[in-house]
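Engineer: Residue numbers (this note's numbering): 66 to 248.
Note that CB positions come from ideal geometry on N, CA and C, so glycine has one too.
Every value quoted in this text rests on a predicted model; they were computed, and no experiment measured them.
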Amino acid sequence: MLESVAAPVRVSPGAPVTIIEFSDFECPYCRRFNQMIEALPPELAASVRHVYKYLPSGMHAWAEAAAIAAACAQVQSDSLFWQVHDLFFQHQDEIDSAKLPKLIADFAVSAGAEGEGISRCIHSGGGVAAIAADRALAKTLNISVTPTVFINGERFNGVPRDLTGVIQSLIDSSRHTRPSEER
Numbered sequence: 066m067l068e069s070v071a072a073p074v075r076v077s078p079g080a081p082v083t084i085i086e087f088s089d090f091e092c093p094y095c096r097r098f099n100q101m102i103e104a105l106p107p108e109l110a111a112s113v114r115h116v117y118k119y120l121p122s123g124m125h126a127w128a129e130a131a132a133i134a135a136a137c138a139q140v141q142s143d144s145l146f147w148q149v150h151d152l153f154f155q156h157q158d159e160i161d162s163a164k165l166p167k168l169i170a171d172f173a174v175s176a177g178a179e180g181e182g183i184s185r186c187i188h189s190g191g192g193v194a195a196i197a198a199d200r201a202l203a204k205t206l207n208i209s210v211t212p213t214v215f216i217n218g219e220r221f222n223g224v225p226r227d228l229t230g231v232i233q234s235l236i237d238s239s240r241h242t243r244p245s246e247e248r
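#1: Suppose you measure from the CA of D237 to the CA of S112; what does that come to, to the nearest Å?
#2: Give a yes or no on whether the minimum CB-CB distance between S77 and chain B is below 9 Å.
#3: Counting pairs of beta carbons, one from the stretch 153-165 and one from the stretch 194-212, are three or more of them closer than 8 Å?
#4: Which residue marks the beginning of the alpha helix (DSSP H) containing H150, and which one marks its end?
#5: Over the uninterrupted beta strand (DSSP E) stretch that includes E86, give me the two end residues.
#6: For Q100 and I84, what's the separation of their Cα atoms in angstroms?
#7: Mark V82 as exposed unless 16 or more other C-beta atoms lie within 10 angstroms of its C-beta, in which case mark it buried.
#8: Pull up the DSSP beta-bridge partners for F172, would you.
#9: Between the alpha carbons of R200 and Y119, how many angstroms are there, rounded?
#10: Label P106 either buried or exposed according to how many other C-beta atoms from any shown protein chain fall within 10 Å of its C-beta, with 16 as the threshold for buried.
#11: What did DSSP end up calling E179 once you bin it into helix, strand or coil?
#12: Would you call the CB atoms of L152 and W127 closer than 9 Å?
#13: Just to confirm, is the Cβ distance from Q148 to A194 under 9 Å?
#14: Who does V116 pair with in a DSSP beta bridge?
#15: Are the beta-carbon atoms of I169 and S184 separated by less than 9 Å?
#16: Measure the alpha-carbon distance for Q233 versus I216 and round it to whole angstroms.
#17: Have a look at F90 and A132 and give me their C-alpha separation to the nearest angstrom.
#18: Could you work out which residue in R75, V210 and H125 is closest to I102 when comparing CA atoms only?
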């Protein structure tokens, strides 16, 4: 059910760990969670498949518009989505409702033809369906706060510092459950 709707995925081929994150680009705790993902040691990061789910809060002034822009970037490619994702979190403290359109427009120009697709999508109301689908899934799962994180299908209720240990444990477990390739 968690992955029933197409979502942007940062894939590590053969990754034994899947992190599904319901997030909001304006949420400071979501930014902190993403900083933790980015700070994973390379040997752990290579074993993680990161799936993003849109859950912009109505309490945040620019979260909805950012989610629409990101969803429109995803229409172009997952790679472009992750570029927009990183841009919003890196500049979260500087963004407000007035500055967001220029930030998106500047990004679109720098992205060339794919950026033109983002602009067309935003102006045609694209991206809204992906956000609505993720909101419906969040409602079904009783998710009302961001970030809400699932690791290999289980809700992660630990504190941020536990993340590395949980990932390492799942990687170790996957190594022990794989059939031996020696014959």
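Structural biologist: The answer reads as follows:
#1: In the sequence shown, counting from the first residue as 1, residue 237 sits at position 172. In the sequence shown, counting from the first residue as 1, residue 112 sits at position 47. For D237 and S112, the distance between alpha carbons rounds to 11 Å.
#2: Absence of chain B from the displayed structure is noted, only one protein chain being present.
#3: no
#4: Taking the first residue of the sequence shown as position 1, residue 150 is located at position 85. Unbroken alpha helix (DSSP H) run through H150: D143 to Q155.
#5: The residue given as residue 86 occupies position 21 in the sequence shown. That run of the beta strand (DSSP E) goes V82 to S88.
#6: By one-based count along the sequence shown, residue 100 stands at place 35. By one-based count along the sequence shown, residue 84 stands at place 19. Between Q100 and I84, the C-alpha separation is close to 14 Å.
#7: Walking along the sequence shown from the start, residue 82 turns up at place 17. It is buried - the Cβ of V82 has at least 16 other Cβ atoms within 10 Å.
#8: Numbered from 1 along the sequence shown, position 107 holds the residue referred to as residue 172. In the DSSP output, where bridge partners are listed per residue, F172 has none listed.
#9: The residue labelled residue 200 in the question sits at position 135 within the sequence shown. The residue labelled residue 119 in the question sits at position 54 within the sequence shown. Distance between the alpha carbons of R200 and Y119: 7 Å.
#10: Position 41 of the sequence shown, counted from the start, is the residue given in the question as residue 106. Exposed: under 16 other Cβ atoms inside 10 Å.
#11: The count along the sequence shown starts at 1 and reaches residue 179 at position 114. Three-state result, E179: helix.
#12: Translated into positions along the sequence shown, residue 152 becomes position 87. Translated into positions along the sequence shown, residue 127 becomes position 62. The answer is no: Cβ separation not under 9 Å.
#13: Counting from 1 along the sequence shown, the entry for residue 148 is found at position 83. Counting from 1 along the sequence shown, the entry for residue 194 is found at position 129. Against a cut-off of 9 Å, the Cβ pair of A194 and Q148 comes out as no contact.
#14: The sequence position of residue 116 within the sequence shown is 51, counting from 1. The partner list for V116 (beta bridge, DSSP) reads V74 and I85.
#15: The residue given as residue 169 occupies position 104 in the sequence shown. The residue given as residue 184 occupies position 119 in the sequence shown. For I169 and S184, yes; Cβs fall inside 9 Å.
#16: Position 168 of the sequence shown holds residue 233. Position 151 of the sequence shown holds residue 216. Approximately 12 Å between the Cα atoms of the pair.
#17: Numbered from its first residue, the sequence shown carries residue 90 at position 25. Numbered from its first residue, the sequence shown carries residue 132 at position 67. Looking at the two C-alpha atoms, the distance is approximately 7 Å.
#18: As a working note, residue 102 is residue 37 in the sequence shown. It is R75.
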